[in-house]
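Heads up: take any position in the sequence shown, counting from 1, add 54, and you land on our numbering. The beta carbon of each residue, even a glycine, is placed where N, CA and C say it ideally should be. Reviewing the structure listed below.
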Amino acid sequence: MTHYIIQTVSREHDTIDFLDTSPAQNRIMPQTFRIAPSLLSADFARLGEEVRSVIAAGADIIHFDVMDNHYVPNLTIGPLVCEAIRPHTQAPIDVHLMVKPVDSLVPMFAKAGADIITFHPEGSEHIDRTLGLIRDSGCKAGLVFNPATPLFYLDHVMDKIDMVLIMSVNPGFGGQSFIRESLNKIREARGRIDAWCAQHGGEIWLEVDGGVKVDNIAEIATAGADTFVAGSAIFNSPDYAGTIASMRAALAQAQAA
Ligand code: DX5
Ligand code: ZN
C-alpha cells in the first residue's frame with residue numbers, strides 16, 4: 055500500500071515544472087511557484103479534512119513540521135500522523151524535520167509516505183550520510199538553514215540536494231514575524247543553486263518557511279524563492295482558496311514587473 059502511494063506521488067512529481075535555470079536567461083525570478091501550507095496551524099482534530107481542503111483550495115504541497123522538544127522547544131507530529139494523512143492527498147508531503155538526531159526517523163517517514171525530507175545540519179553528525187539515506191529511501195532530500203546558520207553546509211553536498219529550505223523565523227512555532235535578513239540569504243542561496251544547476255544540470259527547489267504572508271510573498275519571490283511555506287497565513291484565514299489565490303496574484307504581479 056505504502057509502496058503504491060509513493061510511486062503514485064513520484065509520478066505526480068514528474069508533472070511539476072521545475073525552475074528554468076537556463077544560464078542564457080540568467081534569471082533571478084523563478085518561473086514556477088509552489089505554495090506549501092504548513093499543517094502546524096491546521097486544526098489537528100480534523101487533519102485529513104484540512105489536508106483535502108487546502109489542496110482543493112489550490113495548494114501544491116503539504117508541509118509537515120516535525121518537532122522533538124529537543125532540537126526545538128516544541129513537540130508536534132511523527133510518522134504515524136504522516137501515514138494517517140497520506141491517503142487524503144496525492145500532493146507531495148514535505149517533511150521538515152526539526153529533530154536531533156535525524157537518521158532513525160528517515161526510513162520511518164519514507165515508509166509513512168513522505169516525498170521530500172529536509173533536516174537541519176545541526177541535527178545530524180554526518181550530513182552527507184543523512185542526505186544519502188533520504189535519497190536511498192526514495193525521497194527527495196533537503197537541508198534547512200536557520201536564520202543564523204551559514205550556507206556553507208551546502209559546499210560539498212550540492213549533488214545530493216533536491217531542496218534548500220531557508221528559515222525566515224527561528225524554528226519551533228507558527229505565527230512568528232518574517233526576519234528580513236533572510237532575504238539576503240535567499241538571494242545568496244538562489245545564486246548558489248543557479249550556478250550549480252547551470253554547470254551540472256538538475257533541479258533544486260528553494261523553499262522559504264516562516265512569516266510568509268500575502269503582503270510579503272512577492273518580495274520573497276523576487277529574492278529568488280520558488281516554494282513558499284505558509285501556516286498561519288492560510289489556516290488562520292477564513293477562506294483558504296481566497297488566500298492562496300491572493301498569494302498567486304501577488305506572485306504573478308511580481309513576475310510581470
Ligand atoms: C516553524 C515551522 C513553520 C511554521 C510556519 O518552525 O517550520 O513551518 O509552521 O508558520 P507561519 O507560516 O505561521 O510562520
Ligand atoms: Zn516548517
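Query                                                                                                   : Result
Reference I288, options G264, A277 and G186, closest by Cα                                              : G264
Whole-angstrom C-beta distance between A275 and L305, which should lie under 8 Å                        : 5 Å
Backbone secondary structure at M301 - three-state DSSP                                                 : helix
Cutoff 8 Å; reference G177; Cβ partners in own chain excluding five residues on either side             : Y125, L151, M152, V153, K154, P155 and V156
Residue(s) in a DSSP beta bridge with L219                                                              : V198 and E261
Rounded straight-line distance, which links the Cα of V120 to that of M313                              : The requested residue 313 does not occur in the structure, where the chain is confined to residues 55 to 311.
Residues bridged to L129 (per DSSP)                                                                     : D122
As assigned by DSSP and simplified to three states, the class of F232                                   : coil
Among M162, T143, S95 and T203, the one whose alpha carbon lies nearest that of Q230                    : S95
Buried versus exposed call for N290 [16 or more other C-beta atoms within 10 Å across all chains shown] : exposed
D169 vs A90 beta-carbon contact at 7 Å                                                                  : no
Residue(s) in a DSSP beta bridge with I171                                                              : V149 and A195
Residue range of the beta strand (DSSP E) that includes T281                                            : T281 to A284
Same chain only: Cβ atoms within 7 Å of T297, ignoring 5 sequence neighbours per side                   : V268, A287, I288 and S291
Given P225 as reference, the closest of D248, Y207, Q253 and V198 once Cα atoms are compared            : V198
Separation of A110 from N200, as counted between CA atoms                                               : 31 Å
Closer than 6 Å: residues whose CB approaches a heavy atom of the ligand ZN                             : S92, H117, D119, H150, D263 and V283
Counterpart residues of H117 in DSSP-defined beta bridges                                               : S92 and D148
C-alpha distance - L134 paired with F163, whole-angstrom precision                                      : 9 Å
Alpha helix (DSSP H) segment containing P161, residue limits                                            : L159 to K165
Opening and closing residue of the alpha helix (DSSP H) in which V266 lies                              : Premise fails: V266 is in no alpha helix (DSSP H) and is neither H nor E.
Cβ-based burial, D293 [other Cβ within 10 Å; buried from 16]                                            : exposed
G167 beta carbon less than 7 Å from that of R189                                                        : no
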